[in-house]
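Going by our numbering, the residue at position 70 of the sequence shown is 78; the numbering climbs one at a time, nothing skipped. Even for Gly, the Cβ is constructed at its ideal location relative to N, Cα and C. On a predicted model such as this, the values are computed, not experimentally measured, just so you know.
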Amino acid sequence: MYDDVQRIVHINTNDLRGGAAKVAWRLMNWQNETANRAKMIVGNKESTSIDVVPFYTEPVSTKMRAVEEGYLDYHFAGSDRLREHFLIREGSVLHLHNLHGNYFNPHSLNALTNSKPTIWTLHDMHAITGHCAYSYSCERWMIGCGECPDLKTYPAILKDKSDVMWLDKNRIYEQSQLTIVTPSSWLKKLVEKSSLLNRHPVELIFNGVDTRIFNPRNKFEMRKKHGLPEDKIIIGSVANGGGIQNKRKGGYYINEVINRLKTTNASVLFLNIGDFRNTDVDNMVWNSGYIQDEERLAELYSTMDVFLFPSVADNCPLVISEAQACGVPIVSFATGGIPDLVQHSEDGIVVPTGDISALVKGLEAVIENSEIRNTYSSRALKKAIEKYSYDKIMKQYDRLYEKSEKKFRPIILTDVSVSSSPSSKAFPRVIVQNHQELNISTFTYPGEIIDYPGFLTEELIIESKAELVYIPKGNMNIDPYFLKSLLSQYNNQEVVYSKIKVTRKDGTVFYKWASPITYIDRNKFTNTVNCLLSDCLIFRTDVALKNLGKINNGQQIVVNYASGMNDGLINTTVSNFIKIKEPEKPENLYIYGAGRHTMDLIASGEINGDIIAGIIDRDDISRIPELFSNPANKVLISSVTYEQEIYEQLSEYLTNDQIIRFYGQHV
Numbered sequence: 009m010y011d012d013v014q015r016i017v018h019i020n021t022n023d024l025r026g027g028a029a030k031v032a033w034r035l036m037n038w039q040n041e042t043a044n045r046a047k048m049i050v051g052n053k054e055s056t057s058i059d060v061v062p063f064y065t066e067p068v069s070t071k072m073r074a075v076e077e078g079y080l081d082y083h084f085a086g087s088d089r090l091r092e093h094f095l096i097r098e099g100s101v102l103h104l105h106n107l108h109g110n111y112f113n114p115h116s117l118n119a120l121t122n123s124k125p126t127i128w129t130l131h132d133m134h135a136i137t138g139h140c141a142y143s144y145s146c147e148r149w150m151i152g153c154g155e156c157p158d159l160k161t162y163p164a165i166l167k168d169k170s171d172v173m174w175l176d177k178n179r180i181y182e183q184s185q186l187t188i189v190t191p192s193s194w195l196k197k198l199v200e201k202s203s204l205l206n207r208h209p210v211e212l213i214f215n216g217v218d219t220r221i222f223n224p225r226n227k228f229e230m231r232k233k234h235g236l237p238e239d240k241i242i243i244g245s246v247a248n249g250g251g252i253q254n255k256r257k258g259g260y261y262i263n264e265v266i267n268r269l270k271t272t273n274a275s276v277l278f279l280n281i282g283d284f285r286n287t288d289v290d291n292m293v294w295n296s297g298y299i300q301d302e303e304r305l306a307e308l309y310s311t312m313d314v315f316l317f318p319s320v321a322d323n324c325p326l327v328i329s330e331a332q333a334c335g336v337p338i339v340s341f342a343t344g345g346i347p348d349l350v351q352h353s354e355d356g357i358v359v360p361t362g363d364i365s366a367l368v369k370g371l372e373a374v375i376e377n378s379e380i381r382n383t384y385s386s387r388a389l390k391k392a393i394e395k396y397s398y399d400k401i402m403k404q405y406d407r408l409y410e411k412s413e414k415k416f417r418p419i420i421l422t423d424v425s426v427s428s429s430p431s432s433k434a435f436p437r438v439i440v441q442n443h444q445e446l447n448i449s450t451f452t453y454p455g456e457i458i459d460y461p462g463f464l465t466e467e468l469i470i471e472s473k474a475e476l477v478y479i480p481k482g483n484m485n486i487d488p489y490f491l492k493s494l495l496s497q498y499n500n501q502e503v504v505y506s507k508i509k510v511t512r513k514d515g516t517v518f519y520k521w522a523s524p525i526t527y528i529d530r531n532k533f534t535n536t537v538n539c540l541l542s543d544c545l546i547f548r549t550d551v552a553l554k555n556l557g558k559i560n561n562g563q564q565i566v567v568n569y570a571s572g573m574n575d576g577l578i579n580t581t582v583s584n585f586i587k588i589k590e591p592e593k594p595e596n597l598y599i600y601g602a603g604r605h606t607m608d609l610i611a612s613g614e615i616n617g618d619i620i621a622g623i624i625d626r627d628d629i630s631r632i633p634e635l636f637s638n639p640a641n642k643v644l645i646s647s648v649t650y651e652q653e654i655y656e657q658l659s660e661y662l663t664n665d666q667i668i669r670f671y672g673q674h675v
């Protein structure tokens, strides 16, 4: 039988945003809660969980090249090294989720799936098409794609290579060992029709819902708590990825329903989950903003009388099962896997996709009859508990993990881009200054880590015969997986680095990751490395020896070949980050930028107002020589989008010592 010591490794695009991320995240947490045996590897880490580890993907320019050439994610080489990733080497079963999303090269799949037993939960149609996540009315995926009717359908491409990608998937799947899971009978039938994946076993397992969180609350107490009216019928809708303008989620139909109800029923309010914009239509729409807190989401579901979900392409939408678990009846189109979740006239209303008249009629029948609402509500709740509870879902997955392990036979492939056995470079020897004091776990790192409990000298580094040197200053919070994640992606770079997650006082990320690397010569592609941020920098030994004095003194060095993680394995607050970048208090500090970023920076109280001499922007360029005639005066560039442009502009007048770049690298 499957036992608790075995480890499940989930792989997905990210760990928080989107339906696939939520499914993977909830499964991982549930598995850890019951048996402490799950981790997740992602292309983009958004949480602070130590159970989630990002891996090296590629810079944004690689994504653009893939889109322009029409070959989705073919240029992403980081996934080729996943087979040797420390979590996968230690894992028992791989559980794949979305493999699209600018992080995973499809050609990496066969080596990965032949190294460990693999389950692949499909969250859309992408695995069986040439490029799109949903084909809508197109059925060319059944005959090999090509002549794509809509290249802009997500994930978009600029050239039609859908037939080539379809054929490549066919070859890749033929060499892979997979067990496919679909969360709807609709997608299961499509997979069984597909000549790509029908050679692999397919199981139906619905997306689970944590009914301890998603359960009915007192409707009027929740409305009072969230400032919602007690005397109106509240209709829920979903707004992720574009609000009520979202084509796939039926934004057009939601707008049509609003327009029709304006003239017939003014006593309704649309509660739009996920949208930040103030798009109220005659006070009929209330936007919740993006919600990450599941308790708050459950509370908002509990304020609703009915949930309207006119999606035109969907698999097993979480919002439906979440709402049902909170006792909310659904009115929806019969799209994709939705009829699996909602039975017409039993626990909700399901009408033909695109039939707006039937949709409005069904919605009005529910909002005008409290008896129908109550009946549908109790039945929806009963279904959620019986069909989607994690106890049931986890038992199904546990049986599948066990079954997958029993039939798995490891295969060493010779025609793949990763080696069949780890090379010496995969596990470089590294010497670390005061490693134990920083409490960075190595998690049984296969290579040798020399922990020196003091300051490293040239003599000590040479004697260690280490390939890499890590000299952190202890200025930032270091992810326990930091060393292992960076060392696993080392490939003779002069510097390997992590980006920095800079957060507000409340822990939320301040706009985007920062970096210790800045391009200084676009033609030669040389990089300047800010050694004040050495917590997130690992140096090749020859580079460390050549620049040891500058590294220890927090100066800048220039290197030719640096690469790093796109995710922040290091984090710190805005105020501490600025202090690290500018340890000496400037005589006068100016902030360049008059936009939202600057206002947020000042309003948050992250910068001491006593030292702010003023805010400047492009209109003040002529005053720069006067304002900075004193070399102790400095300027902080406060711009997410135009940092590089502003830096180049200021560099004509000021020295590098006078310019503080908040984010560093801007790609």
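Between D176 and P114, what straight-line distance do the alpha-carbon atoms span, to the nearest angstrom? Rounded to the nearest whole angstrom, the CA to CA distance from D176 to P114 is 9 Å.
Can you tell me where the alpha helix (DSSP H) holding Y598 begins and where it ends? In the DSSP assignment, Y598 falls outside any alpha helix (DSSP H) and within the unbroken beta strand (DSSP E) covering 596-600.
What is the DSSP secondary structure of M150, counted as helix, strand or coil? If DSSP states are grouped into helix, strand and coil, M150 belongs with the helices.
Measuring straight from C-alpha to C-alpha, what distance separates C153 and Y298? Straight-line spacing of the CA atoms in C153 and Y298 works out to 36 Å.
Using beta-carbon positions only, say whether Y396 and A474 come within less than 8 Å of one another. No; because the gap between Cβ atoms is not below 8 Å, this pair is not in contact.
7 Å Cβ shell around L186 - same chain, five flanking residues per side excluded: So the list reads T121, T126, W128, H208, once near-sequence residues are dropped.
Is the beta carbon of L212 less than 8 Å from the beta carbon of M133? It is not a contact, given that the beta carbons lie outside the stated cut-off.
Thinking just about the alpha-carbon of each residue, which of S329, T190, P591, K233 is nearest to the one in Y398? Measuring from the Cα of Y398, the nearest candidate turns out to be S329.
Between the Cα of P157 and the Cα atoms of H139, I654, K509, which residue gives the shortest distance? Residue H139 holds the alpha-carbon nearest to the alpha-carbon of P157 among H139, I654, K509.
CA-to-CA distance, G455 to R192, given in whole angstroms: Here the sequence assigns Ser to residue 192, which means Arg is not the residue at that position. S192 and G455: Cα-Cα distance of roughly 44 Å.
Should R381 go down as buried or exposed, given a rule of 16 or more other Cβ atoms within 10 Å for buried? With 16 or more other Cβ atoms from the protein chains shown falling within 10 Å of its own Cβ, R381 counts as buried.
Could you work out which residue in F547, A135, R15 is closest to R179 when comparing CA atoms only? Of F547, A135, R15, the residue nearest in Cα terms is A135.
Who are E211's beta bridge partners in DSSP? For E211, which the question treats as bridged, DSSP gives the partners V189.
Secondary structure, beta strand (DSSP E): runs of 3+ residues fully inside the stretch 264-332: Counting only runs of 3 or more, we get 276-281, 293-295, 314-317.
Would C544 and I565 qualify as a contact pair, given that the criterion is a beta-carbon distance under 8 Å? The answer is no: Cβ separation not under 8 Å.
D459 - partner residues in DSSP beta bridges: As DSSP reads the structure, D459 sits in a beta bridge with V440.
Just to confirm before moving on: does the CB-CB distance between P237 and R231 stay below 8 Å? Between P237 and R231, the gap from beta carbon to beta carbon is short of 8 Å.
Proximity winner among Y489, V440, S647, L102, relative to N118 (alpha-carbon distances): N118 has its Cα closest to that of L102, out of Y489, V440, S647, L102.
Selected residue, minimal CA-CA separation from G482, among N442, T465, I645, V320: Checking every option, the nearest Cα to that of G482 belongs to N442.
Three Cβ pairs or more, each shorter than 8 Å: is that satisfied between the stretch 628-642 and the stretch 491-509? Result no; under three Cβ-Cβ pairs closer than 8 Å.
Around the Cβ of T649, are there at least 16 other Cβ atoms within 10 angstroms (buried) or fewer (exposed)? With fewer than 16 other beta carbons inside 10 angstroms of its own, T649 counts as exposed.
Using the Cβ count rule (16 or more neighbours within 10 Å means buried), how would you classify A611? Taking every protein chain shown into account, the CB of A611 has fewer than 16 other CB atoms within 10 angstroms, so this residue is exposed.
Please tell me whether K507 has its Cβ less than 8 Å away from any Cβ of chain B. Note that chain B does not occur in the displayed structure, where there is just one protein chain.
Exposed or buried, which one is G622 when buried takes at least 16 other CB atoms within 10 Å? Flag for G622 reads exposed.
I want to check one thing, is the minimum distance from the CB of V648 to the heavy atoms of the ligand NAD below 7 Å? The ligand NAD is not part of this structure, which contains no ligands at all.
Taking C-beta to C-beta, are I588 and I479 nearer than 8 Å? Taking C-beta atoms as the reference points, I588 and I479 fail to come closer than 8 Å.
List the whole-angstrom C-beta distance separating L166 from G99, where the pair is believed to meet the contact cut-off of C-beta under 8 Å. About 37 Å separates the two Cβ atoms, so there is no contact after all.
Where L95 and H108 are concerned, what is the direct C-alpha to C-alpha distance, given to the nearest angstrom? Rounded to whole angstroms, L95 to H108 spans 21 Å at the Cα level.
Coarse secondary structure for L464, derived from DSSP in three states: L464: coil per DSSP, three-state reduction.
Can you list, in chain order, the stretches of the beta strand (DSSP E) that have 3 or more residues and sit fully within the stretch 547-611? Every unbroken stretch of the beta strand (DSSP E) spanning 3 or more residues and falling wholly within the stretch 547-611 is given here in chain order: 564-567, 570-581, 596-600.
Check Y18 in the structure and name its three-state DSSP category. It should be noted that the sequence gives His, not Tyr, for residue 18. H18 falls in the strand class under three-state DSSP.
Within a Cβ cutoff of 8 Å, which residues of the same chain sit near I469, ignoring the five residues on either side of it in sequence? Setting aside the 5 residues that flank it on each side, I469 is surrounded in the same chain by I439, V477, T549, A552, L553, L556, each with a C-beta closer than 8 Å to its C-beta; the list follows chain order.
Count the other CB atoms, across all protein chains shown, that sit within 10 Å of the CB of K124; report buried if there are 16 or more and exposed otherwise. Note on K124: 16 or more other CB atoms within 10 angstroms of its CB, so buried under the neighbour-count rule.
For a test of the three-state rule: what should DSSP assign to K167, helix, strand or coil? Correct three-state label for K167: coil.
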